[in-house]
Amino acid sequence: MKPVNQKAWLMVLPVLLCVAFSAVLPLMTVVNYSVQDILSPTQKVFVGLEWFREVMQDPDLHGALLRQLIFSACVLLLQVPLGIAVALAMPAQGWRASLTLVLLALPLLVPWNVVGTVWQIFAREDIGLMGQLLARAGFDYNYASDANDAWGTVLLMDVWHWTPLVSLLCYAGLRAIPEAYYQAARIDGASKLAVFRHIQLPKLRGVLLIAVLLRLMDSFMIYTEPFVLTGGGPGNSTTFLSQYLTQKAVGQFDLGPAAAFSLVYFLIILVMCFVLFNFLKAAEAPADATKGNAP
Amino acid sequence: MARIELVDVGHAYGGAAKAGTETRWALRPMTMTWRDGGAYALLGPSGCGKTTLLNLISGLLTPTQGRILFDGKDITQLGPRERNIAQVFQFPVLYDTMTVFDNLAFPLRNRGWKEAAVRTRVSEVAELLDLAGDLKRRARGLPPDAQQKISLGRGLVRTDVAAVLLDEPLTVIDPHLKWLLRRKLKQIHQQLKVSLIYVTHDQVEALTFAEEVVVMNHGEVLQVGTPQALYEAPEHTFVGHFIGSPGMNFLPCQLGANEVRMSDVTLPMDAEWLARAAAAGTEYQLGFRPDAAEVLAAPIASAAGAAWQPARVQAFQPMGTHSLLQLGFGGSSVWVRAAAAFQPAGDHVWLRPLPAKLALFADQRLVPRGAGEMLAVANSAAAGTSASGAAP
Amino acid sequence: MSATLHSAALALKLEGMEKRVGAATHLYPLNLELVPGQLNVLLGATLAGKTSLLRLMAGLDAPTAGRIQEGSGSVWRDVTGLPVRQRDLAMVYQQFINYPSLSVRENIASPLRLRGVAKGELEQRVATIAEQLRLTPFLERRPAELSGGQQQRTALARALAKDAGLLLLDEPLVNLDYKLREELRAELLQLLRVRNTTVVYATTEPQEALQLGGNVVVMEAGRVVQSGPTLQVFSRPASLAAARAFSDPPLNVLPARFDGTRGIATLANGAASGLASGLEVALSPAAVAAVRAAGVNEFLLALRPHQLHSEPGGCRSLTLQGTVELAEISGSDTYLHVHTAGGDVVAQWRGIHPLSLGSRAHLFLDPREFFAFTNDGIALFAPPAAIGDC
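Top line first, the protein sequences correspond to chains V, B and D. Take the position in the first sequence, starting the count at 1, then add 33; the result is the number in my numbering. Take the position in the second sequence, starting the count at 1, then add 1418; the result is the number in my numbering. Take the position in the third sequence, starting the count at 1, then add 78; the result is the number in my numbering.
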């Protein structure tokens, strides 16, 4: 069958060019670097998969990867349920709804480095509001010296920053459920929990899929906020993958290993998203079976 | 199951009016009793207040004024769950993640039934609705008619249900399946003797389903009656127009001493009836159903020929099982039903409205016939002399 | 109507059109020809492929195989894969689709503006169409401020204003109230009659198809079952599927055995239910010849509900007895669901017949009115449209 219309390609061409310059070309450069030893701008040696081998055996990388996985898991486990809970608690209409929406959207509007700075001060045990309150309550809290405190602070900061995104998505999803479902549930004598389990949660599946994917990708690539807040410390305790990568590339100027690792990092994210997307999509598929055939 | 009484029940979405303003009734205050185990239909166009009335009965709305009684007990302030009402909505409302069995079991489990009892009851109801074979399937994947049966089943599983309310339940169902589903509904009504209230804008659904139909327009109940009464003696021109397809023909007319006059047609009529019509209002209309007239393709010269009037053919629609004619008659446009084989021979046909089936309206309201005429109507109905086009 | 604007009604020829989406076939290969200026009804149940076919005709979807040609005068051009913008057509959907931010006036004017119609003429045309569809009082309103019926009138007005050579209507009245549907259908029919436009109108309702008249294309499960003049397809269905699609209430189908030597059919279910011999039907000579020619022993007899009469007389030599399972009164008619030895049937009787449940009903049949089909659903015999007196 002949294609319907070739003109469409012209329309996407600008975007393709942009993507080519901003993503594909740099990525190719990275591929280039990852298989060479760059001794000086004029002196390059092809080393094959040497850098990949080195990177894969680097214990620092293993540590960063493990921390990263734990961090992303925590982010999802905290933010998704919390986001749903907030969305459920939000007023459905009227000025209260508008106000809640604005308040909720505020953290999303703050630049990421500012978020880091705000929390850096907010959590300080000497001058920060939260830090001081915790100290007065008798907690021995110092995110700059205690790894656990640092972890907790980074997580809390991320929850503050990104839970609203999950909430807003869920809020939109909840508003799309027809009133008849709630009426039917009232008539069937369903409890609030049953309404949530059998109506709201199934109907939210689509938006939750998007929320989980977004949060997973974003958290896996987190850099700015922990960098500003803890600088990856104390020790390496809050050094996640992207910061580890920067240290290698910019700090130590190990361009070859850094490039090799970049590719590995990229592949990890790609594979994770692909697997997760298909997994969640498959879970949703039977529900859409009836729609599929509508001509 | 319960007898449902509405006592002076009215509803306004903005609440009752403050002093000096007028209440904007979605449902004008009305009093009505619904028999236990009856099959009722609420019929009217969009926005006529029928869904408001339904929601007042189910408890999804609380009336602005008046009281609602179930078996004499005031339940005005109770919610849907306490009222033991079941409802089927326009679009199938299912619990997506559950199987058909779990969907049907849901209201029982919510009420703390024992699992063994749930199993027995659900299989009974599934048997009744021909769903027994699908119990293990996911409800979401089934065709729309099965989904609506599940919605209905969730109402029927409860043994204590006061009434099942159906809000345009056949909207998403294909015509040939509507027949089967409606038949199922009637069978269930006969077997279970459960009170059913069916809301629809579709007169065929309302008339074929219900023992009694409540016709509404602009928040007002215009007539409550059997399908036969609504068809043969509509109390309001709106009812005559709304019921029947095409609806009743209405011709503006003037009253004489022994006849009614339209622009170019005069029909003889009982003097006493005319006198009562004159007393009942100022604007008069003559009404007759499309099947309450005889048509001929050619004039006949007989003694009865005097009653035949020429009528100009405006449109002719063969409908397979019958034909429809739109005719210019008495200064108005009227629809007449003729036999399938009928063919107009020229621009004109000859028309004779059946005298026993004429209706007279004064200011939109029916002027009942005298006792003598009523008998005549009853006799003609019993003899089954409904009109049909005569092909010469 | 202006000469600059009005385009001629288009002929349409579909050849081997097929639509598959993944593993699912929405339309099996089909050939179809539409005569210019003709009203064509697509009749079929939900998912029969009506909307798929309309979308292919419009060029909204590309066919998996086959081609579509447009004819204007004697000139044909291949429009397969041509974007819908370059086609001379208008479409109206089930949902009321209008530009929400534009007034009714601007909605109706939008296709004219796209064509660059001059201001004076544009205003005049909008006024005429608005008048025809009774929208004049609402011209300054936005669609959201209108009732459902008025919204759909606006959508229809916009489509008619375009004055395209091909007008596609996808169940345009299905989301309206019953009575509103009846009114708008009658008005629409009047409007379409005086227009020189090829119309395709999709519906699920046989009654609507009959009311619209014209040509009908009966569809079932992605296939065209039969096409032709509406009344002809109604009275001479080529298959059981076509007869079923065109019967509301549903067609009564009774399995029968054929006794070729006597020229008599015996209702099969009768024997199965323990009767010594099933009900015997003496078929008309033409029907006997048709069944004999097909050489079948077992076949299907079918009757439309209105052919199960309430009164004897004439040639209604056959009586089917049964118990009333349900009597539905629609006002002008009574629908009786009757359980008989020959099978469950539905009868449509004129007038009001208040029969109680479980009572005996006598259905009087005229053997000349029977349709006959093979067990595979191919038509063997259809009764003549007009049956004379006995």
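We treat Cβ as the ideally placed atom computed from N, Cα and C, and that holds for glycine. Since this is a predicted model, take the numbers as computed values, not measurements.
How is the beta strand (DSSP E) around residue i delimited, first residue to last?
| i | result |
| --- | --- |
| D/D156 | 153-156 |
| D/Q147 | 143-150 |
| B/E1488 | It should be noted that the sequence gives Phe, not Glu, for residue 1488 of chain B. B/F1488 -> beta strand (DSSP E) spans 1483-1488. |
| B/D1585 | 1581-1585 |
| B/T1494 | Where B/T1494 is concerned, there is no enclosing beta strand (DSSP E), given that its DSSP letter is neither H nor E. |
| D/R428 | 421-428 |
| B/W1452 | 1445-1452 |
With a threshold of 7 Å between beta-carbons, can residue i be considered close to chain B, or not?
| i | result |
| --- | --- |
| V/P328 | The predicted position of V/P328 is uncertain, since its pLDDT is 33 and thus under 50; a value taken from the coordinates is nonetheless stated next. Taking Cβ atoms only, chain B never reaches closer than 7 Å to V/P328, which makes this a no. |
| D/H440 | no |
| D/K257 | yes |
| V/H231 | yes |
| D/A123 | yes |
| D/S362 | no |
Quick one: what does DSSP say residue i is sitting in, helix, strand or coil?
| i | result |
| --- | --- |
| V/K40 | helix |
| D/M95 | strand |
| D/L88 | coil |
| D/K240 | helix |
| D/E218 | coil |
| D/S437 | coil |
| V/D93 | helix |
| D/R301 | strand |
| D/G352 | Note on D/G352: pLDDT 42, under 50, position unreliable in the model; no value is reported. |
| B/D1709 | coil |
| V/Y329 | The first residue shown for chain V is 34 and the last is 328, placing residue 329 of chain V beyond what the model contains. |
| B/K1468 | helix |
| V/W128 | helix |
| B/P1395 | In this structure chain B extends from 1419 to 1810, so residue 1395 of chain B is not present and cannot be described. |
| V/I220 | helix |
| B/T1538 | helix |
Please report the Cβ distance between residue i and residue j, rounded to the nearest whole angstrom; I am assuming they are in contact, meaning their Cβ atoms lie under 8 Å.
| i | j | result |
| --- | --- | --- |
| D/A457 | D/L433 | Contact flag wrong, Cβ pair sits at about 33 Å. |
| D/L398 | D/L443 | 6 Å |
| B/L1769 | B/L1745 | 6 Å |
| V/T271 | V/V187 | 5 Å |
| D/P141 | D/T124 | Not confirmed; about 21 Å, so no contact. |
| V/G116 | V/T196 | 5 Å |
| B/K1468 | B/V1590 | Contact doesn't hold; Cβ gap of about 19 Å is too wide. |
| B/R1453 | B/R1421 | 6 Å |
| V/Y174 | V/G164 | 6 Å |
| B/E1630 | B/G1490 | About 21 Å; that fails the 8 Å criterion. |
So the alpha helix (DSSP H) residue i belongs to, where does it begin and stop?
| i | result |
| --- | --- |
| B/S1681 | No alpha helix (DSSP H) contains B/S1681, which DSSP labels as neither H nor E. |
| B/M1593 | The displayed chain sequence assigns Pro, not Met, to residue 1593 of chain B. From DSSP, the alpha helix (DSSP H) with B/P1593 extends over 1593-1610. |
| V/M250 | 234-253 |
| D/R259 | 256-271 |
| D/L110 | Taken as a continuous stretch (DSSP letters only), D/L110 belongs to no alpha helix (DSSP H), being part of the beta strand (DSSP E) at 102-112. |
| B/N1403 | Residue 1403 of chain B is absent from the structure shown; chain B starts at 1419 and stops at 1810. |
| D/G198 | 197-210 |
With 7 Å as the threshold, decide whether the Cβ of residue i is near any Cβ in chain D.
| i | result |
| --- | --- |
| B/F1519 | no |
| B/L1743 | no |
| B/R1601 | yes |
| B/D1514 | no |
Check whether the Cβ of residue i lies closer than 7 Å to any Cβ atom in chain V.
| i | result |
| --- | --- |
| B/R1499 | yes |
| B/N1528 | yes |
The ligand PLP heavy atoms versus the CB of residue i: any closer than 6 Å?
| i | result |
| --- | --- |
| B/P1498 | This structure simply doesn't include the ligand PLP, nor any ligand for that matter. |
Checklist entry - So does the region 1526-1536 of chain B actually touch the region 218-237 of chain V, counting three or more Cβ pairs closer than 8 Å? => result yes
Next on the checklist: Check whether the region 164-182 of chain D and the region 114-124 of chain D touch, using three or more Cβ-Cβ pairs below 8 Å as the test.
Outcome noted: no
Checklist entry - Any chance the region 311-330 of chain D sits against the region 270-288 of chain D, with 3 or more Cβ pairs inside 8 Å? => result yes
Checklist entry - Should the region 134-150 of chain V be called in touch with the region 256-276 of chain V, which here means at least 3 C-beta pairs below 8 Å? => result yes
Checklist entry - Would you say the region 1491-1507 of chain B touches the region 1465-1482 of chain B, given that touching needs at least three Cβ pairs under 8 Å? => result yes
Item to check | contact_flag[the region 1498-1515 of chain B, the region 1571-1578 of chain B] where n(CB pairs < 8 Å) is 3 or more | outcome: yes
Next on the checklist: If contact is defined by three or more beta carbon pairs under 8 Å, each pair taking one atom from either stretch, is the region 1456-1466 of chain B in contact with the region 1610-1625 of chain B?
Outcome noted: yes
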